[in-house]
Amino acid sequence: MTIGITTPTTGVAAEKGAPMGHANLDAIKYINEELGGVDGHPINVIWLDNGYDAAKVVTIVKRFMSEGALMYATSSSAMMTASMEIANRAGFPGMAAFSSPIIYRPPQHIYGQLPDYGDDFLAFSRYYLDNVWKGTGKPKVAIHALNNSTGKGAVDAARAYANQLGLEILWDGQEGKPFEHTATTISEMESLTRIKAKNPDVIYISSTPKPAAQIIKNAYELGMFPGVTIGLGHAAMTKAMVDIAGADIAEGVYGVFPTVSWGDNVPGMAKVTEYVKKYHPDDFGNMDYITSWAQSLVMAEILRTALKNVGYDVLAKGDANSWKAIEEQGIQKLKDYDVGGLHGPVSYTPGDNRLSKSVRVFQVKSGNITPLTGWIDAPVVKYEDFPWFGK
182 MTIGITTPTT GVAAEKGAPM GHANLDAIKY INEELGGVDG HPINVIWLDN
232 GYDAAKVVTI VKRFMSEGAL MYATSSSAMM TASMEIANRA GFPGMAAFSS
282 PIIYRPPQHI YGQLPDYGDD FLAFSRYYLD NVWKGTGKPK VAIHALNNST
332 GKGAVDAARA YANQLGLEIL WDGQEGKPFE HTATTISEME SLTRIKAKNP
382 DVIYISSTPK PAAQIIKNAY ELGMFPGVTI GLGHAAMTKA MVDIAGADIA
432 EGVYGVFPTV SWGDNVPGMA KVTEYVKKYH PDDFGNMDYI TSWAQSLVMA
482 EILRTALKNV GYDVLAKGDA NSWKAIEEQG IQKLKDYDVG GLHGPVSYTP
532 GDNRLSKSVR VFQVKSGNIT PLTGWIDAPV VKYEDFPWFG K
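Residues in the sequence shown are numbered from 182 upward in steps of one, following the working numbering.
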């Protein structure tokens with residue numbers, strides 16, 4: 182049974198994409214060699230590097246469809262956003278490890294392995310209000326957003342819920358316009374100087390590790406941090422961010438992440454640790470590896486569930502009927518799959534294409550990304566009900 186996986190292993194997001202690609206393939210190796218595949222059927226992976234290039238990923242997904250893949254996975258919301266139109270039109274099911282509301286609101290054929298960047302912002306905001314904020318009135322929050330769906334997810338959540346939460350969002354001019362940066366930024370001194378003039382209580386960064394680290398370093402250089410609270414969405418809350426920013430500078434940064442930490446006492450930890458140390462030891466300590474290892478396990482469970490419900494012959498064809506079976510008799514039949522405890526349980530709920538719905542809040546302490554909370558459930562948000570969504 183064939184699946185497609187594409188990761189940004191090279192290019193401007195390689196600090197995330199490389200370990201995620203390693204983990205995807207290491208987990209498939211484990212499934213095939215130690216578990217005998219999926220009920221005796223090996224998983225054949227078409228793996229391709231997209232270089233974080235929107236045009237390239239469209240070509241890649243077309244190849245997946247033409248070569249008999251039953252479904253496909255991306256690591257990034259940006260690459261899923263770029264490819265989802267052709268996938269949705271064809272009825273070709275996809276799953277993003279890291280996701281933004283735009284990829285599945287309203288629900289079609291694309292799914293999120295984990296809660297999305299909007300969920301991150303809401304979970305962080307509630308934690309901040311309950312545990313960090315000591316002032317009066319509404320705390321002032323500036324959003325520094327990557328200029329794609331990674332950043333847009335946090336912006337959407339802020340627009341939808343800031344008033345209800347009791348936050349004042351410091352927009353960059355008009356409402357809904359965050360302070361933006363690119364994946365290749367080498368300085369955000371100018372944007373942070375403008376943010377500093379607005380006297381923020383919080384800078385929330387929804388980005389990938391390298392640009393997030395740049396923003397943190399610049400905030401430190403401007404004397405804003407420590408002082409202002411910095412929160413990160415889960416795309417940036419990784420060991421790579423700490424390494425790039427420097428542990429001393431990143432100390433105290435908050436963030437959200439949807440998996441367990443390395444060394445946590447869960448059933449799936451021993452095997453993921455064994456494989457990372459054997460095949461990709463440089464990735465040890467990077468929670469992105471855990472994310473994509475779990476993504477491959479979830480895909481295997483989807484195949485197993487569909488195989489049980491429709492049989493091998495339906496899936497072996499790798500055609501539109503096979504895709505329909507994978508989605509309706511695989512993905513949509515998932516119920517409390519525990520992924521070895523590596524992240525929240527995986528279930529499909531009608532009207533909600535997020536398969537796992539739990540996150541935790543972390544903080545950098547002594548250079549380590551340290552959990553502050555247990556699992557926090559992220560309720561579904563119907564962003565499509567807001568007139569500004571997707572515009």
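C-beta atoms are modelled at their ideal positions from N, C-alpha and C, and glycine is treated no differently.
Predicted model, so just to flag it, every value in this text is computed and none were measured.
Counted as a single uninterrupted DSSP element, the beta strand (DSSP E) harbouring Glu-361 occupies residues 360-362.
Only residues of its own chain outside the window of five on either side were considered, and among them Gln-510 and Lys-514 have a CB closer than 7 angstroms to the CB of Asn-490, listed in chain order. Every unbroken stretch of the alpha helix (DSSP H) spanning 4 or more residues and falling wholly within the stretch 441-465 is given here in chain order: 450-460.
Judged by DSSP secondary structure, Ser-281 falls outside any beta strand (DSSP E); it is assigned neither H nor E. Here Thr-530 is exposed: its Cβ has fewer than 16 other Cβ atoms, across all protein chains shown, within 10 Å.
Secondary structure within the stretch 315-343: the beta strand (DSSP E) runs of 3 or more consecutive residues, fully enclosed, are 321-327 (chain order). For a cut-off of 8 angstroms, the C-beta gap from Pro-381 to Val-409 is around 6 angstroms, short enough to register as a contact. Residue ranges of uninterrupted alpha helix (DSSP H) with 4 or more members, entirely inside the stretch 350-390 and ordered along the chain, are 370-378. The bridge partners DSSP lists for Trp-228 are Ile-186.
For Gly-412, the enclosing beta strand (DSSP E) begins and ends at 410-413. Contact check for Ser-528 and Lys-516: beta-carbon distance about 5 angstroms, within the 8 angstroms limit, so the pair qualifies. For Ile-209, the closest C-alpha among the options Tyr-456, Ala-199, Glu-402 and Gly-198 is that of Tyr-456.
Just measuring C-alpha positions, the residue of Thr-317, Phe-305 and Gly-299 sitting nearest Gly-332 is Gly-299.
Rounded to the nearest angstrom, the Cβ distance from Ile-224 to Asn-213 is 6 angstroms, consistent with a contact under 8 angstroms.
Here Ser-473 is near Met-201, since their CB atoms are less than 8 angstroms apart. Taking the C-beta atoms as reference points, Arg-485 is found nearer than 8 angstroms to Val-219. Distances from the CA of Ala-428 to each of Ser-442, Ala-394 and Leu-403 were compared; the closest alpha carbon is that of Ala-394. Cβ atoms of Val-242 and Ala-259 stay farther apart than 8 angstroms, at about 14 angstroms.
If you draw a straight line from the Cα of Ile-386 to the Cα of Val-479, it is about 28 angstroms long. Per the C-alpha coordinates, the member of Ala-417, Ala-378 and Gly-522 positioned closest to Val-447 is Gly-522.
Closest in C-alpha terms to Ile-557, from the list His-362, Gly-532, Ala-304 and Thr-240, comes Ala-304. A direct Cα-Cα distance of roughly 14 angstroms separates Thr-183 from Leu-229.
Check the Cα spacing between Ala-475 and each of Tyr-460, Gly-318 and Asp-519: the tightest is with Asp-519. Residue state for Gln-544 is assigned as strand, using DSSP reduced to three classes.
Here Asn-312 is actually not in contact with His-362; their C-beta atoms are around 28 angstroms apart, not less than 8 angstroms.
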